[in-house]
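**Student:**
Numbering (the working numbering), first residue to last: 1195 to 1497.
Here it is in structure tokens:
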């Protein structure tokens, strides 16, 4: 199995959804696969569903072309579960996936065909909203760091990398309870990783009411800001040139402004204006950029 592709799937209380995800993994045209489901202290029958699925597909056989293992992580949070999987898997390539989403059958095969000598390959995805409407995730080629900050190209389900890419940057930050894939992706992009863009839609992402953003941003106010602060510390501690650091601080101010727009749209103008003032007070912004940020806030708020 030393030539397998590893797939780590953290799961918590997804008994009704994990089967669909695993079926999409089973449908992959690429073998061998080493699938690691990390249970994050589920209180429902999730593990029973996973065990039944594995037995039905013969996936617990150590010589199976698709080999399934189940790990348990009691520490709360998907990041802790993913880090356990990262420590455990020893395949040459690794991707993380969410238990409520679906892979298109050719995902792994297309990724393996595309990656070549690169460290990482990323692809397109489609989001199915709570209302059933579909939209495409943003996708761009080139300038990975800027596009990660603005558009989160390296969302959890949207890339595969060599395991050392994740390990070199320290894995998933368990202190980031929100936007943790965005934060990890920024660290990866800051490491000047060699990445390949695969212009194909290979994943269907299903929004869930109990997901981080399923009920809006205000219920988790403070957690988003905490992740922004973590990223700013990462930038400060990095060995990037001062001019590049300044540009990243400006981009993060822009993200604060977008979050302020979300707060306002969800009915808390006071929280929005407080965050906007914080964004505009960033030392990296001159007078002209502060004025532009306020203008963009009003423009974005109007749709």
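Even for Gly, the Cβ is constructed at its ideal location relative to N, Cα and C.
State the CB to CB distance for the pair residue 1201 and residue 1293, rounded to an integer number of angstroms; the pair is presumed to be in contact (CB under 8 Å).
**Tutor:** Position 7 of the chain shown, counted from the first residue, corresponds to residue 1201. Position 99 of the chain shown, counted from the first residue, corresponds to residue 1293. With a Cβ gap of about 11 Å, residue 1201 and residue 1293 do not count as contacting.
**Student:** Please report the residue range of the beta strand (DSSP E) in which residue 1328 lies.
**Tutor:** Residue 1328 sits at position 134 when you count from the first residue of the chain shown. 1328-1330 is the span of the beta strand (DSSP E), which, as asked, contains residue 1328.
**Student:** If distances are taken between C-alpha atoms only, which option among 1460, 1383, 1391 and 1213 comes closest to residue 1250?
**Tutor:** Numbered from 1 along the chain shown, position 56 holds the residue referred to as residue 1250. Answer by Cα proximity: 1213.
**Student:** Taking the beta strand (DSSP E) that residue 1288 falls in, what are its first and last residues?
**Tutor:** Counted from its first residue, the chain shown places residue 1288 at position 94. Residues 1287-1290.
**Student:** Residue 1519 and residue 1238: beta carbons closer than 7 Å?
**Tutor:** Within the shown structure, residues of the chain are numbered from 1195 to 1497, placing residue 1519 beyond reach of any answer.
**Student:** Please tell me whether residue 1230 and residue 1263 are closer than 7 Å, where the distance is taken between their beta carbons.
**Tutor:** Taking the first residue of the chain shown as position 1, residue 1230 is located at position 36. Taking the first residue of the chain shown as position 1, residue 1263 is located at position 69. Closer than 7 Å, so yes.
**Student:** With a CB to CB cut of under 6 Å and the five nearest residues on each side skipped, what residues in its chain are close to residue 1300?
**Tutor:** By 1-based counting over the chain shown, the position of residue 1300 is 106. Here the set comprises 1223.
**Student:** How about the region 1382-1398 and the region 1324-1339: do they share at least three Cβ pairs that are nearer than 8 Å?
**Tutor:** With a cut-off of 8 Å, the region 1324-1339 and the region 1382-1398 count as touching, because enough Cβ pairs lie within range.
**Student:** Only counting the same chain, and skipping five residues up and downstream in sequence, which positions put a Cβ closer than 7 Å to that of residue 1362?
**Tutor:** In the chain shown, residue 1362 corresponds to position 168, counting from 1. Around residue 1362: 1385.
**Student:** Starting from the Cα of residue 1455, find the closest Cα among 1397, 1492 and 1267 and give me that residue.
**Tutor:** Residue numbering aside, residue 1455 sits at position 261 when the chain shown is read from its first letter. Of the candidates 1397, 1492 and 1267, the one whose C-alpha sits nearest the C-alpha of residue 1455 is 1492.
**Student:** Just to check my reading of the structure: residue 1233 and residue 1270 have Cβ atoms closer than 8 Å, yes? What is that Cβ distance to the nearest angstrom?
**Tutor:** The count along the chain shown starts at 1 and reaches residue 1233 at position 39. The count along the chain shown starts at 1 and reaches residue 1270 at position 76. So it is not a contact: roughly 12 Å between Cβ atoms.
**Student:** Alpha carbon to alpha carbon, what distance is there between residue 1207 and residue 1399?
**Tutor:** Counted from its first residue, the chain shown places residue 1399 at position 205. Counted from its first residue, the chain shown places residue 1207 at position 13. Cα-Cα distance, rounded: 18 Å.
**Student:** With a 10 Å radius around its C-beta and 16 neighbouring C-beta atoms as the bar for buried, classify residue 1421 as buried or exposed.
**Tutor:** Within the chain shown, the letter at position 227 stands for residue 1421. Label assigned to residue 1421: buried.
**Student:** Out of curiosity, what's the CA-to-CA distance linking residue 1479 and residue 1449?
**Tutor:** Walking along the chain shown from the start, residue 1479 turns up at place 285. Walking along the chain shown from the start, residue 1449 turns up at place 255. Cα-Cα distance, rounded: 13 Å.
**Student:** So what does DSSP say about residue 1334, is it helix, strand or coil?
**Tutor:** Here residue 1334 is taken as the residue at index 140 of the chain shown, counted from 1. Residue 1334 falls in the coil class under three-state DSSP.
**Student:** Can you give the Cα-Cα distance for residue 1267 and residue 1245, rounded to whole angstroms?
**Tutor:** Counting from 1 along the chain shown, the entry for residue 1267 is found at position 73. Counting from 1 along the chain shown, the entry for residue 1245 is found at position 51. Their backbone Cα atoms lie some 16 Å apart in a straight line.
**Student:** Give the secondary structure of residue 1195 by DSSP, where H, G and I count as helix, E and B as strand, and everything else as coil.
**Tutor:** Position 1 of the chain shown, counted from the start, is the residue given in the question as residue 1195. No answer about residue 1195 holds up, because its pLDDT of 45 lies below 50 and its placement is not dependable.
**Student:** Could you give the DSSP three-state label for residue 1274: helix, strand or coil?
**Tutor:** In the chain shown, counting from the first residue as 1, residue 1274 sits at position 80. Looking at residue 1274 - three-state DSSP - the assignment turns out to be helix.
**Student:** Let me know the beta strand (DSSP E) ranges lying completely inside the region 1196-1241, each 3 residues or longer, listed in chain order.
**Tutor:** You should have 1199-1205 and 1227-1233.
**Student:** Check residue 1408 in the structure and name its three-state DSSP category.
**Tutor:** Against the chain shown, residue 1408 aligns to sequence position 214. Any reading at residue 1408 is ruled out, since the residue's pLDDT is 48, under 50, leaving its predicted position unreliable.
**Student:** If you scan the region 1334-1422 from start to end, which runs of the alpha helix (DSSP H) of 4 or more residues do you find wholly inside it?
**Tutor:** As far as the region 1334-1422 is concerned, its whole alpha helix (DSSP H) runs of at least 4 residues are 1338-1345, 1357-1362 and 1374-1384.
**Student:** So what does DSSP say about residue 1279, is it helix, strand or coil?
**Tutor:** One-based indexing of the chain shown puts residue 1279 at position 85. Of the three classes helix, strand and coil, the one that applies to residue 1279 here is helix, per DSSP.
**Student:** Return the first residue and the last residue of the beta strand (DSSP E) that residue 1261 is part of.
**Tutor:** Taking the first residue of the chain shown as position 1, residue 1261 is located at position 67. Segment 1260-1266, the beta strand (DSSP E) holding residue 1261.
**Student:** Once the 5 residues before and after residue 1312 are set aside, which same chain residues still bring their CB inside 7 Å of it?
**Tutor:** Within the chain shown, residue 1312 is the residue found at index 118, counting from 1. Contacts found: 1388, 1389 and 1390.
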